[in-house]
Amino acid sequence: MTKERKKCLSPYVNLKNKLLNEIEKLKLDKNLLDDIPSKWEKHGDLVLLPASSFQNKLWSLLGGRLWDIVSEALKCQRVARKYTITNDNFRSPQVEILKGCDGWVLHIDNKIKYKYDITKCMFSAGNISEKLRIAQLSCKGETVVDLYAGIGYFTLPFLVHAKASLVHACEWNPHAVEALSKNLRLNGVKDQCIIHYGDNREVCPINVADRVNLGLIPSSERGWETACKALKLSGGVLHVHGNVTSNLHPVQYDAGEKISCPQVKPEWTVWSDYVCERMKNIFKLLYSSDWMVTVMNITRIKSYAPHIDHLVVDICCKPSENGKDLRNNINI
């Protein structure tokens, strides 16, 4: 094969050819080639293979040579393989390091640097549209509470691009807190963020926020009361995330709220109305006074299936003009 031809080979074909040579040397079944992945994730110098990759026990005959070939063909220094996410409170990834010493990687997203241990934390690449939307907000002079901060998915866009004065970041996963601390320093905003380690229902500050971000799916409802408590007594904005299941046929929405997508399913407005009513009830219980709670915007972040959409609704919350002095009437 000419040098020019070799240069044109895709990483997948290059990997397949190299492993075919090894298989022929060992006189192994060529069906082993079906175990080679055609897709993978690249995180800096680390390649993350899908769970189905190289599962046949015969690959063990190559020993460490297998991962040397993979790293050479895919032009990386480290190789790992991911499995199903653990069903724990942290949604911890299951990742096996196959070549290399550790799982720390660097991801740059909209000029923000995210460093995290791929064996301990996830990176939500599908949330890029919402991170870009947050980055376009003007939060100068504002205090933000991020109830589910993780490694800084939304905390960092609020600070770096939206220019929030201060973010209170709540997170209970110790590995995510470690990564968040690194990322705040890495992006030069460590002095503008206070990390509250633990269950946000216990550690979140009260009456401090101009806006609260509730970036948890499939539902952030368990944090709604905490979010209402976190808002300043003068009110503010809640960014409420949730997965909404819909029927087959979307319809055009013609109500007054702004909608960030061309077609809106009726279930979306049902959900946003439910969120508003629940928030009104929470404020009533907290302050024994009515609050005005209105939908500002509904945004679809992504779809998981034809019937399931990840949405975020922006809700404006204000005490009623004829309300009493709330400082003397807090039920927390």
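Count along the sequence shown from 1, then add 3; that gives the number in this note's numbering. Just so you know, even glycine gets a beta-carbon here, dropped at the ideal spot from N, CA and C. Predicted model, so just to flag it, every value in this text is computed and none were measured.
So residue i and residue j are supposed to be a Cβ contact under 8 Å. How far apart are they, rounded?
i	j	result
Lys-19	Ile-72	About 11 Å separates the two Cβ atoms, so there is no contact after all.
Leu-219	His-244	6 Å
Val-215	Leu-150	6 Å
Lys-102	Trp-70	4 Å
Val-108	His-46	4 Å
Gly-106	Thr-122	4 Å
Val-148	Ala-233	4 Å
Thr-229	Cys-196	That pair is no contact at about 18 Å.
Ala-83	Ile-100	5 Å
Short check: CB of residue i to CB of residue j, under 8 Å?
i	j	result
Ile-198	Ala-172	yes
Glu-174	Leu-183	yes
Leu-64	Leu-29	yes
Thr-248	Glu-270	yes
Val-240	Asp-293	no
Asn-17	Ala-76	yes
Pro-53	Lys-85	yes
Asn-246	Ile-311	yes
Glu-145	Asp-194	no
Lys-116	Leu-189	yes
Val-180	Tyr-156	no
Lys-143	Lys-166	yes
Phe-161	Cys-231	no
Gln-58	Asp-32	no
His-313	Lys-305	yes
Met-282	Trp-227	yes
Val-163	Val-192	yes
Ala-138	Asn-113	yes
Going by other Cβ atoms of all chains shown within 10 Å of its Cβ, with 16 needed for buried, is residue i buried or exposed?
i	result
Cys-104	exposed
Leu-135	exposed
Leu-288	exposed
Pro-265	Confidence at Pro-265 is low in this model, with a pLDDT of 47, below 50, so its placement is unreliable and the value that follows should be read with caution. Pro-265 should be labelled exposed.
Glu-205	exposed
Ser-323	exposed
Gly-67	exposed
Arg-81	buried
Ser-392	Since the first residue of the chain shown is 4 and the last is 335, residue 392 is not available in this structure.
Gly-259	Bear in mind that the predicted position of Gly-259 carries a pLDDT of just 40, short of 50, making it too unreliable to give a figure here.
Ser-13	exposed
Ser-56	buried
Asn-203	buried
Asn-360	No information on residue 360 is available, as it lies outside the stretch 4 to 335 that the chain covers here.
Glu-280	exposed
Cys-79	buried
Lys-268	buried
Glu-133	buried
Ala-308	exposed
Just to confirm the assignment, what range does the alpha helix (DSSP H) spanning residue i have?
i	result
Asp-293	First-last for Asp-293: undefined, no H or E at that position.
Val-16	14–28
Ile-73	Checking the sequence shown, residue 73 turns out to be Val, not Ile. It spans 68–76 - the alpha helix (DSSP H) in which Val-73 sits, taken as one unbroken run.
Could you give the residue range of the beta strand (DSSP E) that holds residue i?
i	result
Asp-312	311–322
Ala-83	81–86
Leu-51	49–52
Lys-45	44–46
Going along the chain, which unbroken runs of the beta strand (DSSP E) with 3 or more residues stay wholly within the region 201–285? 214–217, 239–248
Entirely within the region 95–178 and at least 3 residues each: give me those beta strand (DSSP E) ranges in chain order. 97–102, 107–112, 115–120, 146–149, 169–174
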